[in-house]
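In my numbering, the protein residues as written are 220 to 1144. Okay, so here's the structure we're looking at.
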C-alpha cells in the first residue's frame, strides 16, 4: 500500500512538472469563443441557459450551433469565471489538476489488469504524453479531462457491480449509469464507456472466448442460448437501455439534426467516392502515428493539412493497410492466445483505444475537423495500457535494467516535448506559428497568424500572411475578406473593396430547388457586412450599403448582424422608423442580444423618446450588465433627466465602467459632469483633470475644466487649458469667447483678445457674441468710433439683442460727450487717454456692467454650466466599421468594434451598435 501511494505521488508530480508552465499561458484559439466571448459564463446570465445552449454559447436549435452539448463542462467554466473572471491562470490550474486526477484514476484502473509497476509505467506515459497538451493546456480541452474522470469512474463502478457473478451490485450499477450520463454531459465521447463496460462484462467478467461466440452463433439457428449468466444479461440490458435512452435524449437535444460544417473544416466530407472513404480510413493511421511518434504536433489539421487520398494507387493507402493489419493482429492475438491475462489486456486496450475514437473517426457521420489531437485523450488510455504491458514483457525477457533505461528515456523525451509544447499555447501568435512550422498547407494557420499580428497593430506584416493564405487556398472566402479588412486598416480603400468583391464572387450560386440558407456558411456572409461598412463611409453610397445588407438578409433570414448594421445605415439615412422595425425583427431571431436592445434605445433617442430609450438601454443591461455602451449612455441619459436619485444610479454605472477600464477618458469626463450637477466643484475638477490627462485633446473636458475654473474665480488657471483647447480645436467658438474674456478682464492682453474674436468671425461672420466682444476690445483701446461702427453692425445682425443696443447707446453717448467727429479719420486712429479709457472699463453702471455678458452668451451661471453639454467629442460605442474576419474556431460571433455618439443638451445622438466580426468558420470537436 505504501508503494502504491508513493507511485501515485510520483504520477501527480510528473503531471505538475510537465504542465505547471501551462498556467502562464493565455486564452488562445477555441478558448476565445468558449471562454471570453461566451455569455453563458457570466453570472448575470440565467443558469438555465447553460442547458439550452451548446459549448460555445449558441442555442442548440440554431443552425449555427455545432451541437456540442456539454453543459457540465460549461458549468465548471462558469465557476472559474466566478472566482477569477477572465484571468487565464485559474482556468489552466483547474485543467492541470483534472489531468492529475485522471492520471491517478487511470493508474488505479490499470492495476485491475496489470501488475503495480506495469500500471505505473502506463500511468506515467499517460501523464507525460505530448498528445495530451491540447487537451490539458488548451482551456477548452477540459471537456476531455472532465469527461475522462467520469468515464473512468463509470467503468470502475461497473467492475464493482459485476464482481459477484451470482449477484449484481445494483448500487454500483446505478452509480455507473449516472457516471456514464455525466461523462456524456461533459463531452459526447463519454457515452462510449458503455461499450467498454460491455466488453469488460463479456470478455473479462464472463470470460467469453472465440469458441463461445462461434457456438452462440451456431445455436442461434435452433435453440438460442446466451453463453453468460442471467445476472450478466440483466447488467447488459440495463447498460444497453441506459445507452439507448441517453442517445435518444441527445438526438432530441440536437433537434435530430447534425451540425453544418464547411468543406474547409473537413474537405473529405464533401469529396466524392472513393476519395472520401479512402481519406477517412487513412486518417486512422495518422492518428495511430501521432500516438506512436508525437513529434510534429499542430493545433489545426483542417483545410489542406492532409491532402485527399484520391485513388487506390496513392502510396498512403499502405499506411491504412498497415494500421488495419496492426489492429487485426492484436484482435487475433487476443482471441487465440492461451495466456488469459494477455487476452484480457489486449481486449481492454483495444476497447479503450477504438471505442472512444469512433465518434470522431468520420466513419459514421462527418465531424468538423480532419484530425484533432485532443480527441485522442481517451483513446490514448488503451495505447498506454498496451505499452505498459509491453514494458512488463520487456522487463521479464530482456531484463529490468534495459526496461527501466528505455522507459526513462521515453518519459524524459515525452516530458520535455510536453513542457516545451505548452509554451506554444502562450499566445495566439505563438500557437499558430508553431503550427506553421510543421504545416504549410493550411491556409487557416496563415490567416490566424495574420490575425494575431493584426491584433498587435502590425497591419503590413499581417497582410503578407493573409495574402499567403489566399495563395495556399485561392477559394478561401475568409482569406480574401482578411486581405480586404487589412487594406482597410491601411487606408487603402480601393484595394479593400476589390478584395471584398473577389470574396463575394466566391460565394456559392443559388441552385433551383435548393435552400440557399442551408448551403452557405453564416460567417461567409460577413463579406456583405465588410463591403457595406466600407462603402458606407461615403455618405453618397448609403443606399448601396443598405442593398448589400438586404441581400445578406435574403440569404439568411436569421442573420442578426445584418439587421443590426442595416439599422445603423437607416438611422444615418434618417429613416428611424424603418430602423426600429429592423431591430425589432432582429429580436425575433435573437431575443437575448443586448446590442439589439441598445440600438433600439438609440433609435428612440433619435425620435426624442427619452423614457423609451432608457427602458431599452436598461433592457440591454439586463442581458449584459457589463455592456459598456449601455452603461455609459444610460448613465448620461439619467444625468440629463436632472433628478438627484437618478444621478446616483448614473454615478454607480460610471464607477462600474471605471473599475473595468480606468483609462477611459469618457467615464472620467461624465463623472465630472455629475459632480458639476451636484455643485461639487473640487470633485468635478478632479475628474476633468483626469480626462485631460488621459486625452490631451479632449475637447469637452478642456472647455468644461476651463469654464469651471473661470466661474470659480480662477481665470488665470483656466487660460492654459483654453489655449490647449484652441491649439487642438481652433474652431471651438465657445472656448475662444471665454479665452478672449480672460484676456480682456484678467490678463489685460487686448491683442490676444482681439485675435480670439477675429478668429471667431472668420469661422462664423454672423456670430453676435464674437462681434460684440470685438467691439468691447475697441472700447478698451479707446477707439470709440470703431466701436460704434462695430456695434451698429452687431445691432443690424441681431436687432432683438437688447444688450447690443444698450452698449451702442453708451458708446454713442461717450462720443457725443467727447464731441468726436465720426467723419474725421484722425479720430478713427486716435486713442483716448488712460483716464478716459478707464472710465469705460470701470464704469459700474448697469449698462457698462453688461458688457461682458456676451462672453458667456448672456446666460446665467446655471445656463453656463449646461453649455458644457454641447459636446461634439465622439463617444465610442460597440459597432464595427471594419470587419475582423479571422479564423478563431468559434461557433458564435458577437458584435465588436466602435462607432461614435454625440450628446446634445437634452439627448443622446446617433449611437449605434453595428455587427462586424471575426470569422468563426473553423470546425470544432
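Where is the CB? At the ideal position from N, CA and C, for every residue including glycine.
- Using a Cβ distance threshold of 8 Å, residue 767 and residue 799 do not count as a contacting pair.
- Here DSSP, grouped into helix, strand and coil, assigns residue 272 to strand.
- For residue 245, there is no enclosing alpha helix (DSSP H), as DSSP marks it with neither H nor E.
- Here residue 985 is not near residue 1024, since their CB atoms are 8 Å or more apart.
- According to DSSP, residue 493 shares a beta bridge with no other residue.
- Residue 278 sits in a strand when the DSSP states are folded into three classes.
- In the three-state scheme derived from DSSP, where H, G and I count as helix and E and B as strand, residue 646 is classed as coil.
- Per DSSP, the continuous alpha helix (DSSP H) segment holding residue 787 begins and ends at 779 to 791.
- The DSSP-derived three-state label of residue 521 is coil.
- The Cβ-Cβ distance between residue 529 and residue 494 falls below 8 Å.
- Annotation: residue 420 is outside any alpha helix (DSSP H) and is labelled neither H nor E by DSSP.
- Between residue 1011 and residue 1037, the C-beta spacing is not below 8 Å.
- Uninterrupted alpha helix (DSSP H) stretches at least 4 residues long and entirely within the region 891 to 961 occur at 900 to 913, 918 to 930, 934 to 947, 952 to 961, given in chain order.
- If you ignore the 5 residues before and after residue 426, its C-beta comes within less than 8 Å of the C-beta of 559, all in its own chain and listed in chain order.
- The shortest C-alpha to C-alpha distance from residue 858 to any of 846, 826, 382, 892 is the one to 892.
- Here residue 668 is near residue 652, since their CB atoms are less than 8 Å apart.
- If one requires a minimum length of 4 residues, the alpha helix (DSSP H) runs lying completely within the region 551 to 609 are 559 to 573, in chain order.
- Here DSSP, grouped into helix, strand and coil, assigns residue 450 to helix.
- Taking all protein chains shown into account, residue 463 has fewer than 16 neighbouring C-beta atoms within 10 Å of its C-beta and is therefore exposed.
- Secondary structure at residue 257: coil, using DSSP grouped into helix, strand and coil.
- Here residue 924 is not near residue 909, since their CB atoms are 8 Å or more apart.
- In the displayed model, residue 1001 falls within coil according to three-state DSSP, outside both helix and strand.
- Per DSSP, the unbroken alpha helix (DSSP H) holding residue 1025 starts and ends at 1021 to 1037.
- Distance between residue 300 and residue 264, taken at the CA atoms: about 12 Å.
- Nearest neighbour of residue 814 by Cα position, chosen from 796, 825, 780, turns out to be 780.
- Residue 500 holds the alpha-carbon nearest to the alpha-carbon of residue 576 among 500, 517, 525.
- Where residue 476 is concerned, there is no enclosing alpha helix (DSSP H), because DSSP gives it neither an H nor an E.
- Sequence-distant partners of residue 420 (beyond 5 residues in either direction) whose C-beta falls short of 7 Å from its own C-beta, in its chain, are 381, 451, 454, 455.
- Relative to the Cα of residue 539, the nearest Cα in the group 505, 551, 256 belongs to 505.
- When the five nearest sequence neighbours on each side are left out, the beta carbons in the same chain lying within less than 8 Å of the beta carbon of residue 987 are those of 1013, 1016, 1017, 1020, 1023, 1073, in order along the chain.
- Looking at 665, 340, 949, the one whose alpha-carbon comes closest to that of residue 619 is 340.
- Closest by C-alpha distance to residue 787, out of 648, 758, 810, 547, is 758.
- Taking C-alpha positions only, residue 492 is separated from residue 485 by approximately 15 Å.
- The beta carbon of residue 325 sits closer than 7 Å to the beta carbons of 342, 345, 371, 600 from its chain, once the five residues preceding and following it are set aside; these are given in chain order.
- Spatial neighbours of residue 692 in its own chain (CB-CB distance under 7 Å, excluding positions within 5 residues in sequence) are listed in chain order as 522, 523, 662, 698.
- Here the C-alpha atom of residue 797 lies approximately 12 Å from the C-alpha atom of residue 823.
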